[in-house]
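Working notes, beginning with the structure itself.
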Amino acid sequence: MARSPNAPAPISDTRYREMVAAGLDHIDQGVTIFDQDLRLVTCNRSFLTLLDFPESLGAPGTPFEAFIRHNAERGEYGEGDVETQVAERVAAAQRFTSHDTRRQRPDGTLLKIQGFPLPHQGFIALYSDITKAERQREQIDRHQAELESRIRERTVALTDANAELKAAIEANRQITAALQHSEAKLRLITDTIPAHVAYFDASWTYRYANKRYAEWFGWTSQSMVDRPIPEVIGDTLFHQVEPHVRRALDGHEVTYEYAITSATGARIFARSTLLPDITPEGEVIGCFVHAVDMTDQRRTQNALAQAQKMEAIGQLTGGLAHDFNNMLTVMMGNLVGLREALGDAPEVAEFVAPCMAAAEGGAGLIQRLLAFSRQQPMEARPVEVNELVLGMARLVRRSLPGSIALSTASREAELVTLVDPGQLESALLNLALNARDAMPHGGELRIESALETLDEAAAADLEVPPGEYVQISIADNGTGMDGTVLARVFEPFFTTKKFGMGSGLGMAMVYGFVKQSGGAIRIRSRQAVGTQVALLLPRAPAGSRPAAPGSAGEADIDLRGRVVLLVEDDPEVRKVVRAQLASLECTVLEAENGQEAADLVENVPAIAMVLSDVVMPGGMDGWALARFVRRFRPEIPMVLMSGYADVGQRHQDDDGLPLLEKPFSREKLAAALNR
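According to the numbering used here, the sequence shown holds residues 267 to 941 in order.
What follows is the structure, given as structure tokens:
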């Protein structure tokens, strides 16, 4: 059929598609049309821009799967297997069903996607950016909810207004009761917390105090209210704290420390902080008080200071003991030789005996220093305290004037403790002589023994484990001590006696011995009333029995002709000990150090015994030499000697080694070698 000349020319398919695409590009929504084979018929630019697709995907004929794969690979659908994500979405599209969904892109854009089927099983999809609209909707919903809430609140408020007015009179009547209840709760809280809290006003009058603060000064919380500060804390303490109170009421925060004596007689140390109560106009109308009990902290500080002091004394004493005892060994050894050489000559009594006594006194002084610093080796064994006290009483009685009466008592039939008996006797003698000196005009000295059980609190105060302790109490009714002297009584070289009447090491020695024995010492004293010193020593385990006097020991070893290896770095000391060994008819080999001695032990089979100093130069001291001998010649007995044996260098395996303390006599040497 011929076309009319005036009829418009038909539009080609290509031009038709261009016109459709151009028209679609003017739509803000993204538009896609896919045919029945899920191939792109057309899409607009808004679609590509909105979903960040490349231009290449916008070509007609592009498979639907290409768009899905592109999205999956760049994480549009979240984590997961890409192939699974593509397959699921292609399968859903192939059903050509209507859908209306929302999807949020990773950049936060919220899309609304609507799909509609077309004839011939194709479909069209519309993509809309509803991010802003959704936010506006949420904001509108929020505002509407707030408005509705305010309307409801206002309605309720208006409804309740009348009821509130009616309840006002009743509420006013309940205010007083509520305030009283609130104050009671606040007081309960402040009484429960572990702090001392109070408040005083500008007239220096307490207006509040919690239970702990009030009981600190012997009051109750109620009785303290409206009381002036001096009346509550006492004039003595008030004079100490008055400057601090004045400064606090001038607007300054103040912290200070003080000490008081509690109702039970205990000394309490405290730290108080005063915080001014200042109005907005700058006027100070009072002060808040916050106080802390510093007694435990002060006790800990004192214990630390005592430990540091003892460590310093121990270091000083250790070095002094080693060198000084070596000198005394040389002096006493040569004095013994001189005494034997002179025989009954008058020079022995006139010159040798005083020198020997002085040397022995010097050795005793070193032992007391070591005992104080807890460096003296202990030979602890079960000791029956009652028997020891009775024996000491007989000795002490000879040293007391007739004006002093001595009595002993025991509350238990048998009291066994683990201590060094010699040092316990020395401690009791020291305390008895101190008591004698405190009663120049006569009096009574009483020594009592008892069993005391310390609970957790008492043991913590004395810094010992809780349990059963044997208590030995030495009490007198002499001059007593004031607080200043009592605080320093255990300090080394501190003494109240006249010059030349005491070294100041007696109480220090007692303290060191008791602490080294695992016990504690408790002292109470009042001027013009007397002093009581109680030694608390750990009770021996059940079944422990003291060794019977004179019990048979091991048979003496015949030392005649036996080869003894003498190891000593000091040539003068070595000379003296060699002479003592020779007098015991021993054959003596000598070594200057541990390494030389080890070579001799390894190469001289005739050596039958080793006598070695502990502290020696070089890499092998006495302990190390003992371990070498035990390893290579275990059948050889070994004895160590030292003026100061640092037990810190001893190994666990060395505990059974005999230790001979310098200076020593020939008899002590023979006894040590015969162990």
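Virtual Cβ for every residue (Gly too), placed ideally from N, Cα, C.
Reducing DSSP to helix, strand and coil, say where residue 364 ends up.
Residue 364 falls in the coil class under three-state DSSP.
DSSP puts residue 650 in a beta bridge; with which residues?
The partner list for residue 650 (beta bridge, DSSP) reads 682.
Does DSSP put residue 466 in a helix, in a strand, or in coil?
Strand at residue 466.
Would you mind stating whether residue 806 and residue 684 have Cβ atoms separated by less than 8 Å?
Yes, Cβ-Cβ distance for residue 806 and residue 684 is below 8 Å.
Going straight from the alpha carbon of residue 777 to that of residue 756, what length do you get?
One C-alpha to the other measures close to 7 Å.
Could you have a look at residue 930 and say whether DSSP puts it in helix, strand or coil?
Correct three-state label for residue 930: coil.
Which residue wins for smallest C-alpha separation from residue 479, given the options 470, 469 and 491?
Checked all of 470, 469 and 491; the closest Cα to residue 479 is 491.
One question on the structure: do residue 698 and residue 738 come within less than 8 Å of each other, judged by their Cβ atoms?
Not closer than 8 Å, so no.
Rounded to whole angstroms, what's the CA-CA distance from residue 864 to residue 887? Just pull it up for me.
Rounded to the nearest angstrom, the two C-alpha atoms are 11 Å apart.
Please state the DSSP three-state secondary structure of residue 300.
Strand at residue 300.
Kindly indicate which three-state DSSP category residue 707 falls into: helix, strand or coil?
The answer is coil: DSSP assigns residue 707 none of H, G, I, E or B.
Are residue 536 and residue 507 close, meaning C-beta to C-beta below 8 Å?
Cβ distance not < 8 Å, so residue 536 and residue 507 don't count as in contact.
Please state if the CB of residue 735 and the CB of residue 656 are separated by a distance shorter than 8 Å.
The answer is no: Cβ separation not under 8 Å.
Compute the Euclidean distance between the alpha carbons of residue 348 and residue 357, then round it to the nearest angstrom.
Taking the straight line joining both Cα atoms gives about 14 Å.
How would you write the range of the alpha helix (DSSP H) that residue 319 sits in, first residue to last?
First-last for residue 319: undefined, no H or E at that position.
Just to confirm my understanding: we take residue 708, look at its own chain, exclude 5 residues before and 5 after, and list those with CB closer than 6 Å. What are they?
Hits under 6 Å: 669 and 670.
How big is the Cα-Cα spacing for residue 233 and residue 836?
With the chain covering only 267 through 941, there is no way to say anything about residue 233.
With which residues is residue 925 paired in a DSSP beta bridge?
Beta-bridge pairing links residue 925 to 906.
Which first and last residues belong to the beta strand (DSSP E) in which residue 742 is found?
Segment 733-742, the beta strand (DSSP E) holding residue 742.
I'd like to know if the stretch 592-602 and the stretch 841-848 are in contact, where contact means that at least 3 CB-CB pairs between them fall below 8 Å.
Cβ pair count under 8 Å is three or more, so yes.
Residues bridged to residue 389 by DSSP?
According to DSSP, residue 389 bridges with 300 and 383.
Considering only their Cβ atoms, is the gap separating residue 302 from residue 392 smaller than 8 Å?
Not in contact: residue 392 and residue 302 (Cβ atoms no closer than 8 Å).
Assign residue 462 to one of two classes, buried (16 or more other C-beta atoms within 10 Å of its C-beta) or exposed (fewer than that).
With 16 or more other Cβ atoms within 10 Å, it is buried.
Can you tell me whether DSSP reads residue 535 as helix, strand or coil?
Strand, per DSSP.
Note down, in chain order, each residue of its chain lying with its Cβ closer than 6 Å to the Cβ of residue 795, except the 5 sequence neighbours on either side.
Excluding residues within five positions, the ones whose Cβ falls inside 6 Å are 746.
Evaluate contact between the stretch 896-906 and the stretch 924-938, counting only Cβ atoms and requiring at least three cross-stretch pairs below 8 Å.
The stretch 896-906 vs the stretch 924-938: in contact.
List the endpoints of the continuous alpha helix (DSSP H) containing residue 334.
Run containing residue 334: 330-339, per the alpha helix (DSSP H) assignment.
Mind checking who residue 520 pairs with in its DSSP beta bridge?
The partner list for residue 520 (beta bridge, DSSP) reads 540.
Measuring only the C-alpha atoms, how far is residue 938 from residue 849?
If you take the alpha carbons of residue 938 and residue 849, they lie about 15 Å apart.
Hey, out of 300, 373 and 405, whose CA is closest to residue 382's CA?
Among 300, 373 and 405, the Cα nearest to that of residue 382 is on 300.
Quick check on residue 878 - is its C-beta less than 8 Å from some C-beta in chain C?
No chain C is present in this structure, which holds just one protein chain.
Just to confirm, are residue 306 and residue 327 a CB contact at a threshold of 8 Å?
Contact flag set, yes.
Exposed or buried, what is residue 408 when buried is set at 16 or more other beta-carbons lying within 10 Å of its beta-carbon?
So residue 408 ends up on the exposed side.
So, at 7 Å on beta carbons, what are the nonlocal neighbours of residue 400 in its own chain, with the 5 sequence-adjacent residues on each side left out?
Hits under 7 Å: 376.
What I want to know is whether the C-beta of residue 502 ends up closer than 7 Å to one or more non-hydrogen atoms of the ligand COA.
With respect to the ligand COA, the structure shown offers nothing to examine, as it has no ligands at all.
Taking only three categories from DSSP, how would you classify residue 479?
Three-state DSSP puts residue 479 in a helix.
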